[in-house]
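Engineer:
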Amino acid sequence: MPGQSIEQDEQDADPGEHHKGAAALIAPYRNGAVLGIFLILLVGGLKLGQALLVPVFAALLTGLLLGKVQDWLERLGVSPALGAGSIMAVLLAVVLGSVRLLFIPFEEWSAALPEIYAALKRQLLSVRELLLTIEQATDAVQETTGIDASGEAMAVSAPGILSGLAVSVPATIGQLVLFSGVLFFYLASRSRLSKQLAEAGQSYPSLSNFKTISEAAENSVSTYLSTVSLINLGLAVATGVLLALVGLPNAWFWGTLAGLLNFVPYVGPLLLTFLLLGAGLLQEGTFLQIISPALVFFAVNFLEANFVTPTVLGRSLLIEPLFVFLSLGFWLWLWGPVGALMAVPLLLVIQAVVSHMLSKADF
Numbered sequence: 001m002p003g004q005s006i007e008q009d010e011q012d013a014d015p016g017e018h019h020k021g022a023a024a025l026i027a028p029y030r031n032g033a034v035l036g037i038f039l040i041l042l043v044g045g046l047k048l049g050q051a052l053l054v055p056v057f058a059a060l061l062t063g064l065l066l067g068k069v070q071d072w073l074e075r076l077g078v079s080p081a082l083g084a085g086s087i088m089a090v091l092l093a094v095v096l097g098s099v100r101l102l103f104i105p106f107e108e109w110s111a112a113l114p115e116i117y118a119a120l121k122r123q124l125l126s127v128r129e130l131l132l133t134i135e136q137a138t139d140a141v142q143e144t145t146g147i148d149a150s151g152e153a154m155a156v157s158a159p160g161i162l163s164g165l166a167v168s169v170p171a172t173i174g175q176l177v178l179f180s181g182v183l184f185f186y187l188a189s190r191s192r193l194s195k196q197l198a199e200a201g202q203s204y205p206s207l208s209n210f211k212t213i214s215e216a217a218e219n220s221v222s223t224y225l226s227t228v229s230l231i232n233l234g235l236a237v238a239t240g241v242l243l244a245l246v247g248l249p250n251a252w253f254w255g256t257l258a259g260l261l262n263f264v265p266y267v268g269p270l271l272l273t274f275l276l277l278g279a280g281l282l283q284e285g286t287f288l289q290i291i292s293p294a295l296v297f298f299a300v301n302f303l304e305a306n307f308v309t310p311t312v313l314g315r316s317l318l319i320e321p322l323f324v325f326l327s328l329g330f331w332l333w334l335w336g337p338v339g340a341l342m343a344v345p346l347l348l349v350i351q352a353v354v355s356h357m358l359s360k361a362d363f
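Residue numbers (full-length UniProt numbering): 1 to 363.
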């Protein structure tokens, strides 16, 4: 019958309509799922490729810092290869000189670690007595009430920092060679690559966008790292002078260490504060004299972090502390201490990419 035929046609058409409706509802979640899978695979690839990617990323970030110097040398008439080689030679001399200056004091203070540990034990005797009193009170409560208030014993062991940082010699040499090679060829070819990208960008707009992003990232990273390097140099000098005034041995060593560790936000200054507290325990004197090295550095770092750095960098290069902390935690988890050193420069690169994408977006 005609009525039955129309009803039958509507029933036959229903599955397709339901399928389209379900697909429309699932589409946003599907895109999110694809993005989530991509991010998981990206993080896994970064983790698995750590041995290869860490020296490459470190070389490229160093190249962004030294790119302006390379441009200056080329404007003076120096060939790209000679300019890159000169920069590499100066960089190597600075690294070797720093290692030479820091090695002997570091060896002395690392040999004093058992003494620092013993001093900490002596200072914590009162805390231990308090814990024993609490334990006795807990046992008395358990015997009286029948409630098991005991907990698992806490074992305190020194972290295996040295063993965690130790790597095999061949792997380290290979990573240094890779770092040096990538840095040299990046510096030597950066002007030629920039010209080629500019020419290709006329035919391929995506390459023009890449050139714009790379230039913005280079400006941000080079300005940030050069400015922070000068700030940390001043921090190192101020810390060394003040520590010498309070009578801490090898004050210039601690000042240099303060400048180096300050490249790692939050974690570096906190680590040095604890190290200076341990060094102060080896000195004889009153309680105030013992903690004075740590207090001095804390005061200097507080002034630097809250007044000097924000004033010098200005608003253009300041990043939200939350993003800095998240980037630091992520790269520290992913690549260890080297990742922590690269956390802020990598965040600046990501910020340049996101800013460019938002400027091109049509809202």
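Cβ atoms here follow ideal geometry from the backbone N, Cα and C, with glycine treated the same way.
How close, in whole Å, do the beta carbons of Arg296 and Ile231 come, if the pair is a contact with beta carbons under 8 Å?
Structural biologist: In the sequence as presented, Arg is not what sits at residue 296; that position holds Val. In fact, because the Cβ distance is near 18 Å, the residues do not count as touching under 8 Å.
Engineer: For the alpha helix (DSSP H) containing Glu74, list its first residue and its last residue.
Structural biologist: Where Glu74 is concerned, the enclosing alpha helix (DSSP H) stretches over 50 to 75.
Engineer: Could you compute how far the alpha carbon of Leu257 sits from the alpha carbon of Leu96?
Structural biologist: Using only the alpha carbons, I get a separation of about 15 Å.
Engineer: By DSSP, does Thr286 sit in helix, in strand, or in coil?
Structural biologist: Thr286 falls in the coil class under three-state DSSP.
Engineer: Quick check on Leu230: does DSSP put it in helix, strand or coil?
Structural biologist: The answer is helix: DSSP assigns Leu230 an H, G or I state.
Engineer: Mind checking which residues open and close the alpha helix (DSSP H) that includes Gly268?
Structural biologist: Looking at the DSSP string, the run of the alpha helix (DSSP H) that includes Gly268 is 267 to 281.
Engineer: Here's the rule: buried if 16 or more other CB atoms are within 10 angstroms of the residue's CB, otherwise exposed. What is Pro293?
Structural biologist: Result: buried.
Engineer: Between the beta-carbon of Gly259 and the beta-carbon of Leu235, is there less than 8 Å?
Structural biologist: Yes, the pair counts as a contact, with Cβ atoms nearer than the cut-off.
Engineer: Between the Cα of Glu215 and the Cα atoms of Ser189, Ile40, Val349, Ser327, which residue gives the shortest distance?
Structural biologist: Looking at the Cα atoms, Val349 is the closest of the given residues.
Engineer: Flag Gly45 as yes if its beta-carbon sits less than 8 Å from any beta-carbon of chain C, otherwise no.
Structural biologist: Note that chain C does not occur in the displayed structure, where there is just one protein chain.
Engineer: Excluding the five sequence neighbours on either side, which residues of its own chain have a C-beta within less than 7 Å of the C-beta of Thr239, listed in chain order?
Structural biologist: Correct list, in chain order: Trp254, Gly255, Ala258, Phe297, Val300.
Engineer: Can you tell me which of the three DSSP states Val353 falls into?
Structural biologist: In this structure, Val353 counts as helix in the three-state DSSP scheme.
Engineer: Around the C-beta of Thr172, are 16 or more other C-beta atoms found within 10 angstroms, so that it is buried, or is it exposed?
Structural biologist: Thr172 is exposed by the Cβ-count criterion.
Engineer: Is it the case that the segment 335 to 346 contacts the segment 60 to 67, given that we only count it when at least three CB pairs across the two stretches are under 8 Å?
Structural biologist: Yes: the two stretches touch, three or more of their Cβ pairs being nearer than 8 Å.
Engineer: Would you mind stating whether Gln283 and Arg190 have Cβ atoms separated by less than 8 Å?
Structural biologist: Contact flag unset, no.
Engineer: Does the separation of the CB atoms of Gln289 and Ile319 fall below 8 Å?
Structural biologist: No, the Cβ-Cβ distance between Gln289 and Ile319 is not below 8 Å.
Engineer: In three-state DSSP terms, what is Glu218?
Structural biologist: Helix.
Engineer: Check for me: the alpha helix (DSSP H) holding Gly259 runs from which residue to which?
Structural biologist: 251 to 261 is the extent of the alpha helix (DSSP H) around Gly259.
Engineer: Nearest CA to the CA of Phe330: which residue from Phe38, Arg30, Gly36, Leu46?
Structural biologist: Considering only alpha carbons, the answer is Leu46.
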